[in-house]
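First to last, the protein sequences are chains A and B. Residue numbering for the first sequence is 1 to 245, as defined by the working numbering. Residue numbering for the second sequence is 1 to 245, as defined by the working numbering. Glycine included, C-beta positions come from ideal geometry on N, C-alpha and C. One structure below.
Number of protein chains: 2
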Amino acid sequence: MNPTIELLKSHRSIRKFQDRKIPRELFEELIRAGQSAATSSHVQAYSIIHVVNPQNRETLAELSGGQRYVAECSDFLVFCADMKRATDAAERAGAEVVRGMTEQLLVASIDAALVAQNVATAAESAGLGLCYIGGIRNNPAKVSELLRLPDHVYPVFGMCLGYPDQNPEVKPRLPLTSILKEDYYQDEQDAELVAEFDATMHTYYQARSGGNKDTNWSEQLKPLFTSKLRPHMRDFLRGKGFEMK
Amino acid sequence: MNPTIELLKSHRSIRKFQDRKIPRELFEELIRAGQSAATSSHVQAYSIIHVVNPQNRETLAELSGGQRYVAECSDFLVFCADMKRATDAAERAGAEVVRGMTEQLLVASIDAALVAQNVATAAESAGLGLCYIGGIRNNPAKVSELLRLPDHVYPVFGMCLGYPDQNPEVKPRLPLTSILKEDYYQDEQDAELVAEFDATMHTYYQARSGGNKDTNWSEQLKPLFTSKLRPHMRDFLRGKGFEMK
């Protein structure tokens, strides 16, 4: 196993950061590494908002559900799916463009994710830590207003970046046989594999240094699907021009 | 700049592969590296179909728009957004789950993308090449049928993996100032930056070794948005239980 694979396998979210800034030169290297990710048909359908204003950082920490590290980390990014730039460019070049297709929502969301994961890997390779902030979708309209996002642009997730001030364990993942399937989807063994993973996660939650609790994977999932998590997303996206046509 | 950032910045799609198989041990390492990516609320809402059957590889090459490397590469993966496993697990644990939310479509699509980008980076770190196959969404219903994907699972994209038998140039990316914005979205300079990038891409297309052509970025984008690219996606997703509620 080479050092890069070793690095990827050692990922864990960092939520406590040193009071130390990432040098601008390194920061830009992370973004350039992000840009090098594959992009659907070269569309590059994303924008990254680098939130520097301290008051806006505080507001975003609150809007994300009171996640203090959003305000406290060295650099906070909001990765946006951006179908505006490319469709505007095609329009200026003389095309009568169609917007609001479901396919475009997917392309832009996936593009943003691929870029972000490269930024994450680049950051960790430089000794930095990071945490994705899906909580940005708790209040996407307010976030969009704060960041002045136009139509055809929406905030997919945030990312905290900085020098780690904690060293949490790597969180276990589902058994390989559960997520990797040969030729056909089959899940006859899934209940068994999930039960095995529930036991793994129970042990993890009991033993971990950052606060132990008596739970497992399936139990942790329950509130995510019983309540309609972020039921505003459809109407929010439609309002931003992602009409899912 | 460290070797991992160097690696990320050297990415280019590989579409011609040596007739040489990736060893199983390395292949599994790539998947494990993929699994280590961040995942929304630990949901791990993805499955990977490893397509081994040669006839199915041929069929998928055709369904993706006649992309021969789908059949010819060492290993072909289909990354699926999978909301079945996690919702089934929560249901077995006693939850009355809600499915079909727009948020769930996003979570699962993004999870699949994060995993895939880690697999891509791991592969390149081991001297392999890869190519994402968004063309899998040309015929998602037939792909789903072939791979026997159940409801709440959909094929996001494919990935060809193998030992490169070509050495294409790195494709330019948009100027950093176009995709990175401080505090607020602003695009006053976008037309100018895109014009600059069009010139860059024109030079690239004229000079590249793999077939030159007289075009630029904006021109290349035009057919993507004038025709309704993949207009079937909404109804396809709804039919698979991603109702975008």
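* Count the other C-beta atoms from every protein chain shown that fall within 10 angstroms of the C-beta of THR203/A, then say buried if there are 16 or more, exposed otherwise. => exposed
* **Option nearest GLY129/A by Cα separation, candidates TYR69/A, ASP82/A, HIS152/A and GLY211/A** => TYR69/A
* **Within chain B, partners of PRO231/A - CB distance below 7 Å** => MET101
* Could you list which residues in chain B have their beta carbon closer than 7 Å to that of GLU182/A, in chain order? => HIS50 and VAL52
* **Helix, strand or coil at SER185/A according to DSSP, with G and I counted as helix** => It is Tyr, not Ser, that sits at residue 185/A in the sequence shown. Reduced to three states, the DSSP call for TYR185/A is coil.
* Specify the secondary structure class of PRO223/B as computed by DSSP and reduced to three states. => helix
* Asked: Quick one: what does DSSP say ILE133/B is sitting in, helix, strand or coil?
  -> strand
* Asked: Checking contacts by CB at 8 Å: is ARG15/B closer than that to chain A?
  -> no
* Can you give the Cα-Cα distance for PRO23/B and CYS73/B, rounded to whole angstroms? -> 13 Å
* Asked: With a cut-off of 8 Å, does the C-beta of ALA86/A fall near any C-beta of chain B?
  -> yes
* Pull up the distance between the alpha-carbon of ALA90/A and that of GLU182/B, whole angstroms please. => 25 Å
* **Stretch-stretch touch, CB-based, cutoff 8 Å, three pairs: the region 54 to 66 of chain A with the region 140 to 150 of chain B** => no
* Of all the CB atoms in chain A, is at least one closer than 8 Å to the CB of ASN167/B? -> no
* **Residue-level contact to chain B via CB, THR177/A, 8 Å cutoff** => no
* Indicate whether at least one CB of chain A lies closer than 8 Å to the CB of GLN206/B. => no
* Asked: By how many angstroms is the C-alpha of ALA38/B removed from the C-alpha of THR200/B?
  -> 34 Å
* Asked: Are the Cβ atoms of MET251/B and LEU63/B separated by less than 8 Å?
  -> There is simply no residue 251/B to check, as chain B begins at 1 and stops at 245 in what is shown.
* Using the C-alpha atoms, what's the distance from HIS50/A back to PHE236/B? -> 36 Å
* Asked: Got a sec: is the Cβ-Cβ distance from ASP214/A to anything in chain B below 8 Å?
  -> no
* Asked: Who are VAL51/A's beta bridge partners in DSSP?
  -> PHE76/A
* **Counted within 10 angstroms of its Cβ, other Cβ atoms place ASN212/A as buried (16 or more) or exposed** => exposed
* To do: Count the C-beta pairs between the region 12 to 27 of chain A and the region 159 to 172 of chain B that are closer than 8 Å, then say yes if the count reaches three, no if not.
  => no
* If you draw a straight line from the C-alpha of GLU103/B to the C-alpha of TYR154/B, how long is it? -> 15 Å
* Asked: Just by C-beta distance, which residues in the region 23 to 41 of chain B are closer than 7 Å to chain A?
  -> GLU28, GLU29, ILE31, ARG32, ALA33, GLN35, SER36, ALA37, ALA38, SER40 and SER41
* To do: Kindly list the residues whose CB is nearer than 8 Å to the CB of ALA45/B, restricted to its own chain and excluding five residues on each side of it in sequence; keep chain order.
  => THR39, ALA81, ASP82, MET83, ARG85, ALA86, GLN104, VAL107, ALA108, ASP111 and ALA112
* **Cβ neighbour criterion (16 or more within 10 Å) applied to ASN118/A** => buried
* Asked: Assuming ARG246/B and PRO168/B make a contact with CB atoms under 8 Å, what is their CB distance in whole Å?
  -> Because chain B here runs from 1 to 245, residue 246/B falls outside it and cannot be looked at.
* State the start and end residues of the unbroken beta strand (DSSP E) segment that holds TYR154/A. => 153 to 162
* To do: Report yes if the C-beta distance between LYS320/B and SER36/A is below 8 Å; otherwise report no.
  => Here chain B has residues from 1 to 245 only, and residue 320/B is not among them.
* Mind checking THR121/B: buried by the 16 CB within 10 Å criterion, or exposed? -> buried
* Indicate the three-state DSSP secondary structure (helix, strand or coil) for ALA37/A in the structure shown. => coil
* Interface residues of chain B around LYS21/A at Cβ under 7 Å? -> Going along chain B, no residue has its Cβ under 7 Å from LYS21/A, so there is no contact; the nearest lies around 15 Å.
* Asked: Between TYR132/A and MET159/A, is the Cβ-Cβ spacing less than 8 Å?
  -> yes
* Sorted by chain position, which residues of the same chain lie with C-beta nearer than 6 Å to PRO164/B's C-beta, five sequence neighbours on each side aside? -> ILE14 and GLY129
* To do: Quick one: residues in its chain with C-beta nearer than 6 Å to the C-beta of GLU29/B, no 5 flanking neighbours on either side, listed in chain order?
  => none
* Give every residue of the same chain whose Cβ lies closer than 7 Å to the Cβ of GLY134/A, excluding the five residues on either side of it in the sequence, and list them in chain order. => PHE157
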